[in-house]
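If you read the protein sequences in the order shown, they are chains L, F, A and Y.
Going by the numbering used here, the first residue of the first sequence is number 16, and it counts up by one from there.
Going by the numbering used here, the first residue of the second sequence is number 16, and it counts up by one from there.
Going by the numbering used here, the first residue of the third sequence is number 11, and it counts up by one from there.
Going by the numbering used here, the first residue of the fourth sequence is number 11, and it counts up by one from there.
Everything on this sheet refers to the single structure shown next.
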Amino acid sequence: MGGSAVISRPELTPEEVDPRVDLGGIALRNPVLTASGTFGYGTEFGPFLDLRRIGGFVAKSLTLEPRFGNPPPRIAEAPSAMLNAISLENVGVDAFVREKLPALPEGVTVVASLFETEIDRYAEAAKRLSGAPRVAGLEVNASCPHVKSGGIEFGQDPAVLAQLIRAVRRATSAPLLVKLSPNVTHIAEMARVCEGEGADGLSLINAVQALEVDVERRRPVLANILGGLSGPAIRPIALRMVWQASRAVEIPICGIGGITSAEDAVKFLLCGASAVQVGTANYLDPGVAGDVADGLRAYAARHGFPRVQDLVGQLETGGR
Amino acid sequence: MGGSAVISRPELTPEEVDPRVDLGGIALRNPVLTASGTFGYGTEFGPFLDLRRIGGFVAKSLTLEPRFGNPPPRIAEAPSAMLNAISLENVGVDAFVREKLPALPEGVTVVASLFETEIDRYAEAAKRLSGAPRVAGLEVNASCPHVKSGGIEFGQDPAVLAQLIRAVRRATSAPLLVKLSPNVTHIAEMARVCEGEGADGLSLINAVQALEVDVERRRPVLANILGGLSGPAIRPIALRMVWQASRAVEIPICGIGGITSAEDAVKFLLCGASAVQVGTANYLDPGVAGDVADGLRAYAARHGFPRVQDLVGQLETGGR
Amino acid sequence: MAEPGASPAAGGEASRGMPLRVDAEVVAAECEGGANHRLRLAVPGWRGFLPGQFVMLSPGALAAVPRTDPLLPRPMAIYRAPGDRGEIEILFKRHGRGTALLAAARVGQKVGLVGPLGRGFPTADPGERAVLVAGGTGIASIYELGVRIRAAGGAVQVLLGARGVDDLMGEADFVSAGLPLRIATEDGSRGERGLVTDLLEQELRGDAATRVYACGPTPMMRRAAEIARGSGAPCLVSLENPMACGFGVCLGCAAPLREGGFALVCRDGPVFDAERIEWAGLP
Amino acid sequence: MAEPGASPAAGGEASRGMPLRVDAEVVAAECEGGANHRLRLAVPGWRGFLPGQFVMLSPGALAAVPRTDPLLPRPMAIYRAPGDRGEIEILFKRHGRGTALLAAARVGQKVGLVGPLGRGFPTADPGERAVLVAGGTGIASIYELGVRIRAAGGAVQVLLGARGVDDLMGEADFVSAGLPLRIATEDGSRGERGLVTDLLEQELRGDAATRVYACGPTPMMRRAAEIARGSGAPCLVSLENPMACGFGVCLGCAAPLREGGFALVCRDGPVFDAERIEWAGLP
Ligand SMILES: Cc1cc2nc3c(=O)[nH]c(=O)nc-3n(C[C@H](O)[C@H](O)[C@H](O)COP(=O)(O)OP(=O)(O)OC[C@H]3O[C@@H](n4cnc5c(N)ncnc54)[C@H](O)[C@@H]3O)c2cc1C
Ligand SMILES: Cc1cc2nc3c(=O)[nH]c(=O)nc-3n(C[C@H](O)[C@H](O)[C@H](O)COP(=O)(O)OP(=O)(O)OC[C@H]3O[C@@H](n4cnc5c(N)ncnc54)[C@H](O)[C@@H]3O)c2cc1C
Ligand SMILES: Cc1cc2nc3c(=O)[nH]c(=O)nc-3n(C[C@H](O)[C@H](O)[C@H](O)COP(=O)(O)O)c2cc1C
Ligand SMILES: Cc1cc2nc3c(=O)[nH]c(=O)nc-3n(C[C@H](O)[C@H](O)[C@H](O)COP(=O)(O)O)c2cc1C
Ligand code: FES
Ligand code: FES
């Protein structure tokens with residue numbers, strides 16, 4: 016936490032600013048990634064965005080076998096937010112490696128996200144993915160119900176989370192990010208657990224568990240009843256959690272939640288995130304992540320920071 | 016949870032609908048209260064709203080001694096939400112009883128909210144308030160940092176929460192509501208703890224802990240750094256928690272979070288709340304709570320429910 | 011069984027051209043009575059579309075921040091592209107907040123646009139006989155299809171349904187395009203009283219050689235599909251599932267298939283062979 | 011020391027009359043160049059106001075749901091109430107999203123209004139000598155005060171400050187009301203180059219009999235208070251803290267006091283004796 020936030024520095028040009036960051040061993044061209052589940056397998060964005068404008072993307076979470084998701088309705092709108100209950104739908108680890116990765120243009124940084132309902136299967140998925148060419152790192156999605164704990168999310172119980180990360184860490188030497196569930200009392204505790212088990216970085220937050228009701232039909236809007244709330248509405252919650260986690264651990268953090276603009280990304284960096292992921296905003300504007308990346312560099316330049324990473328943790332809090 | 020939600024019933028006139036509910040021993044004219052901290056001590060709304068149009072109001076949380084709050088800035092705006100860090104500011108229990116209560120018009124139902132930083136003091140405040148004329152019930156605000164637990168909110172630790180409710184329950188025989196913190200992993204567990212210790216009802220949710228950043232000054236917008244997020248943005252989170260809590264306990268629940276219209280109130284009732292509290296919306300429109308109460312009765316009439324309370328828990332979830 | 015989360019066949023991609031992500035400019039905005047509105051948009055770089063394709067519209071320029079509420083863009087069929095000047099027309103109903111904002115758009119204002127999206131209707135066979143049946147907002151999806159089938163020498167009968175006359179969109183356009191038109195309204199305030207599917211039953215009467223194209227509320231499409239099946243006629247439906255992205259990444263618009271699994275309405279549709287759809291599972 | 015969370019003295023309540031909660035109608039809406047806008051509102055039941063009082067405005071009728079983003083109403087000084095027909099004028103700057111929506115309001119549209127709120131400026135002493143110093147949005151808070159002091163036979167000097175000429179609001183009104191006016195702009199594009207507080211220094215020059223009224227950015231008001239103190243002149247400031255409710259229930263608008271504790275700007279102010287304010291603690 017720097018104490019120098021109010022000092023004004025000489026302005027730079029964007030070209031003078033070094034946008035690169037290292038996210039737990041993943042070298043990124045710039046700190047703007049796109050979030051799992053909001054960017055497909057990357058190729059879908061071809062018509063809208065040169066993927067080399069952004070730091071990279073996190074692919075849709077993968078399970079060992081291909082899976083279908085929940086029945087519709089799977090999405091709903093809420094104030095400044097959306098809800099989703101897509102659940103497990105994905106092509107599976109093998110099809111991802113065989114078909115999706117080779118279809119990507121050169122020079123694109125890919126983080127593979129994985130999730131499962133049992134710890135062994137997580138470890139197996141991690142093993143298969145970490146061998147794959149072009150996978151720069153893994154992201155363990157811990158917001159998945161753990162079958163053995165009666166459906167509690169892996170990321171909601173520190174002991175279960177520790178077991179999971181330990182098993183995945185053994186299975187791979189690739190850079191390993193853990194994506195935390197926001198549906199917890201103490202995010203800092205979960206962050207420390209992951210750091211203790213050898214995670215290289217943290218991604219937070221995943222969508223917030225929520226429910227929306229159709230008053231005319233007197234039903235939940237989503238067939239699954241519960242869904243994940245994402246978008247600008249959750250940003251102040253995400254900023255709080257990133258700030259709390261960043262003060263608890265040394266490993267880098269990737270901030271996620273309601274980012275729609277470069278300003279939003281700056282907020283996460285100031286709160287201690289080394290990089291960010293743009294999620295729901297990709298639906299509103301499939302080119303937005305490129306604009307966020309450019310805007311972040313412009314912000315650093317305007318405020319005289321020679322490296323974008325110099326912004327990290329620069330929130331002036333009067334020593335608190 | 017009823018299975019009959021889709022059955023259509025003969026329409027009624029609003030006058031044919033009985034709007035009364037019982038909230039843990041507090042008899043309410045209708046299920047629409049206003050939330051603590053958003054309705055002052057009631058008198059401020061005189062010019063805007065006949066307080067007899069609503070079920071009642073929960074007064075600003077009181078401590079034993081009068082207290083000042085946090086330094087400014089204390090509020091900020093966020094997408095479909097606001098943040099606040101007002102903290103402890105209130106006139107104190109005694110001035111409330113001596114000056115504020117007598118200033119209210121006849122026939123207004125008042126719930127006194129209390130909070131403190133130590134358990135004994137909570138119990139003492141409860142004792143003094145429950146003797147007071149015109150106090151129909153108490154609401155224990157559990158979203159307050161517990162000094163002995165190093166600042167963790169009372170409502171974030173089931174053991175501490177149990178101690179608190181036990182002590183307050185011993186101190187008063189008045190109807191006792193516990194207002195739960197949303198910043199927890201398992202809201203149902205907290206609900207069960209309160210029921211086990213003899214609470215007569217639950218109020219949820221309080222504001223969600225959040226942080227907003229001023230990117231130009233590179234500071235938190237609030238002087239207190241962290242604040243509580245309230246307003247429509249948190250409504251889907253509140254609905255989820257009310258639904259989870261209502262399935263875990265038998266005592267009635269008062270639903271709170273982002274209610275701005277009768278439709279929003281209906282959602283909470285369907286999810287299992289017996290009554291609701293309107294919070295932030297009172298700032299946008301100081302007459303809104305009256306409109307919510309009227310609209311709720313009109314909804315029940317339109318859908319053929321002879322009593323507003325027949326709506327409670329009528330969310331059709333296919334048995335889940 | 012559909013492959014979970016898979017991409018469309020390569021052929022479809024190429025034929026429909028690359029979708030754009032641009033700020034379109036409102037060049038005409040009209041309220042056509044009731045909740046019906048028409049927007050004409052100048053779309054930089056527009057390269058044509060297939061009937062049945064759609065765009066995702068945001069009420070405001072794409073780069074305008076903060077975009078918060080309503081959050082998601084709105085899917086809208088491309089009604090037609092008059093005059094080949096890179097302009098398209100959208101015919102729509104004011105329904106909730108998103109369409110209220112689109113209805114309030116004035117000339118000169120920007121509208122964020124992503125599209126054209128989806129596969130649209132398959133190209134009509136030369137000389138084919140088609141019945142186009144549409145109701146509510148679905149009317150906007152079939153006008154251009156009718157025009158093109160007719161231009162290709164086919165025989166077209168258009169059947170439009172609405173609750174009442176105020177609810178009916180685009181009637182005059184169908185008439186001036188010379189498309190044979192029958193109308194049914196539930197309250198009888200225009201055309202015949204009844205459901206548009208009643209008209210379909212009369213038109214089809216066991217005729218297996220006519221292709222049925224349907225777009226409108228789910229119960230209407232489901233009924234149209236039943237009637238077509240009863241006559242042994244092929245039936246194509248254009249689904250209107252809620253969408254977040256419109257281009258196959260959110261997986262929100264899933265429609266359950268009879269064969270098992272789901273299709274993505276935005277990417278694999280919105281037009282489907284009615285026989286593939288598991289109607290009972292649609293929202 | 012102020013009583014925590016206490017109510018204002020009963021006397022103040024009565025004198026300012028009951029505030030309304032109504033939908034006002036836009037009867038005139040003008041952009042006055044740059045970011046400056048003027049709205050004239052017809053307010054049903056309007057019963058007058060004190061200079062310095064304000065209203066909370068929402069861009070849309072109060073009952074219009076869902077009101078989500080921007081969420082909070084915006085505090086705006088009552089600029090004046092021309093013609094005693096229950097109409098008020100608001101002079102404001104387009105700044106963020108809320109004022110952008112107010113700036114887009116058209117004639118006939120509804121605007122949610124709560125007010126008049128606050129205590130306003132104390133009634134001027136007959137024959138008093140006053141300097142009114144205002145900058146930025148603060149200009150809107152002092153016009154009516156100037157008019158009334160003058161009408162009561164007082165001597166008024168108005169000093170307006172702005173960054174540049176485009177930033178200046180209401181100049182013509184002050185002139186046509188016959189209020190002696192001096193202007194300072196930071197870029198010298200209008201009036202004298204410099205800060206409006208430089209003009210205040212010149213005007214006051216040790217004069218303890220003149221009352222200073224200031225409204226504008228905090229640094230400006232703070233400096234005005236210093237200058238007044240240096241001359242031994244009384245100084246009243248009208249604060250512009252962020253507000254959620256405007257009528258004393260959210261406790262969000264707290265201003266720290268020298269005597270300890272806080273005053274609520276909306277309820278106890280917005281006008282305060284400058285000497286009571288703990289300037290270093292203001293946001
Ligand atoms: C492929 C496609 C083409 C369409 N073409 C047209 C058209 O040409 N003209 C027209 O008037 N309408 C069309 N619609 C329907 C149109 O998208 C909805 O009416 C619109 O999204 C409603 O938005 P709202 O903000 O007014 O309503 P709200 O009820 O406030 O919307 C809330 C959410 O539900 C979604 N939603 C609500 N109704 C529908 C619906 N019927 N279909 C899909 N999503 C819905 C919205 O997109 C939004 O995400 C089309 C829909 C699809 C999927
Ligand atoms: C008593 C009072 C009287 C005022 N009178 C006038 C007037 O007559 N004319 C005029 O142009 N402005 C006036 N202002 C300032 C005006 O309220 C703000 O410019 C306006 O709220 C900005 O809203 P926004 O949505 O454009 O900005 P945003 O920056 O998007 O607003 C975000 C939040 O911050 C608050 N905020 C931002 N700037 C200010 C500010 N300067 N003061 C208070 N709150 C702010 C907003 O109310 C909102 O809650 C007055 C303020 C107060 C407190
Ligand atoms: C439709 C949808 C699908 C998602 N799928 C995944 C997923 O498969 N894996 C995952 O880790 N997160 C998933 N997420 C969560 C996002 O990656 C992100 O953490 C969350 O949406 C918050 O960020 P945002 O507010 O920017 O969207 C999904 C989110 C949405 C909206
Ligand atoms: C400015 C402000 C002050 C509040 N003060 C209190 C308080 O003193 N005690 C309390 O229990 N809740 C307090 N709350 C929380 C509200 O009662 C309510 O639980 C929360 O705002 C969520 O409801 P809403 O979204 O309708 O506002 C406060 C909320 C706001 C916005
Ligand atoms: S709308 Fe997103 S996948 Fe179809
Ligand atoms: S603005 Fe709410 S108390 Fe002043």
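Positions of the beta carbon are idealized from the N, C-alpha and C atoms, including for glycine.
With a threshold of 8 Å between beta carbons, A:ASP33 makes no contact with chain Y. Counting other Cβ atoms within 10 Å of its Cβ, A:GLY270 stays below 16 and is therefore classed as exposed. For A:PRO85, the enclosing beta strand (DSSP E) begins and ends at 84 to 87. Boundaries of the alpha helix (DSSP H) around F:ASN297: 296 to 299.
Around ligand 6, the residues selected by a Cβ distance under 7 Å to any of its heavy atoms are F:TYR298, Y:MET253, Y:ALA254, Y:CYS255, Y:GLY256, Y:PHE257, Y:GLY258, Y:VAL259, Y:CYS260, Y:LEU261, Y:GLY262, Y:CYS263, Y:LEU274, Y:VAL275, Y:CYS276, Y:ARG277, following chain order. Per DSSP, reduced to three states, the secondary structure at L:PRO148 is coil, with no helix or strand assignment. Following the DSSP letters along the chain, one finds L:MET97 inside the beta strand (DSSP E) bounded by residues 96 to 99.
For A:VAL175, the closest of A:GLY198, A:TYR153, A:ILE287, A:VAL185 by C-alpha to C-alpha distance is A:GLY198. Interface annotation, L:ASN156: not in contact with chain F, CB-CB separation never under 8 Å. The straight-line gap separating the alpha-carbon atoms of F:SER188 and F:LEU244 is approximately 33 Å. Along the length of the region 101 to 139 of chain L, whole beta strand (DSSP E) runs at least 3 residues long occupy 125 to 129, reported in chain order.
Judged by DSSP secondary structure, L:ALA182 falls outside any beta strand (DSSP E) and instead within the alpha helix (DSSP H) spanning 173 to 186. In this structure, ligand 1 has no non-hydrogen atom nearer than 7 Å to the beta-carbon of A:PHE59.
Annotation for A:ILE159: the continuous alpha helix (DSSP H) segment containing it runs 153 to 161.
Using a Cβ-Cβ distance cut-off of 8 Å, the region 134 to 145 of chain A and the region 73 to 88 of chain A are not in contact, since fewer than three pairs of beta carbons, one from each stretch, lie closer than that value.
When DSSP states are grouped into helix, strand and coil, F:ARG232 belongs to the coil group.
Put simply, of Y:GLY122, Y:ALA219, Y:GLY226 the residue whose alpha carbon is nearest the alpha carbon of Y:PRO280 is Y:GLY226.
Within chain Y, the residues ARG31 have their CB atoms less than 7 Å from the CB of F:PHE63, given in chain order.
Those residues of the region 86 to 120 of chain Y placed with their C-beta closer than 9 Å to a C-beta in chain A are ARG107, ordered along the chain. Taking Y:ALA218 as reference, the option from Y:GLU211, Y:ALA238, Y:LEU210 with the minimal CA-CA separation is Y:ALA238.
For the pair L:LYS75 and L:GLY61, the CB atoms are not nearer than the 8 Å cut-off. Only ASN251, PRO252, MET253, ALA254, CYS255, GLY256, PHE257, GLY258, VAL259, CYS260, LEU261, GLY262, CYS263, ALA264, ALA265, PRO266, GLY270, GLY271, PHE272 from the region 251 to 272 of chain A bring a Cβ to less than 9 Å from some Cβ of chain L. For L:VAL47, DSSP records a beta bridge to L:VAL291. In terms of beta-carbon proximity, F:ILE240 lines the interface with chain L, with at least one pair separated by less than 8 Å. Under a criterion of Cβ atoms nearer than 7 Å, the residues of chain L adjacent to F:ARG255 are, in order, GLN224, ALA225, LEU226, LEU241. Within the chosen limit of 7 Å, ligand 4 does not reach the beta carbon of A:LYS103 with any heavy atom. A residue is called buried once 16 or more other Cβ atoms fall within 10 Å of its Cβ, and F:SER218 is buried on that count.
Relative to the Cα of F:ALA290, the nearest Cα in the group F:GLU30, F:THR28, F:ARG35, F:ARG234 belongs to F:ARG35. DSSP assignment within the region 54 to 136 of chain Y yields the following whole alpha helix (DSSP H) runs of 4 residues or more, N-terminal first: 107 to 113.
One finds ALA254, CYS260, GLY262 in chain Y with Cβ atoms closer than 8 Å to the Cβ of F:ASN99, taken in chain order. The DSSP-derived three-state label of A:GLU285 is helix.
In the DSSP assignment, L:GLY211 falls within the alpha helix (DSSP H) that extends over 202 to 211. Along the region 269 to 295 of chain F, the positions whose C-beta sits under 8 Å from a C-beta of chain L are GLY273, GLU278, VAL281, LYS282, LEU285, CYS286, read in chain order.
In the DSSP assignment, Y:PHE184 falls outside any beta strand (DSSP E) and within the unbroken alpha helix (DSSP H) covering 181 to 186. At a cut-off of 8 Å between beta-carbon atoms, A:LEU81 makes contact with chain L.
Contact annotation for L:PRO86 against chain A: PRO266, GLY291 [CB-CB distance below 7 Å, chain order].
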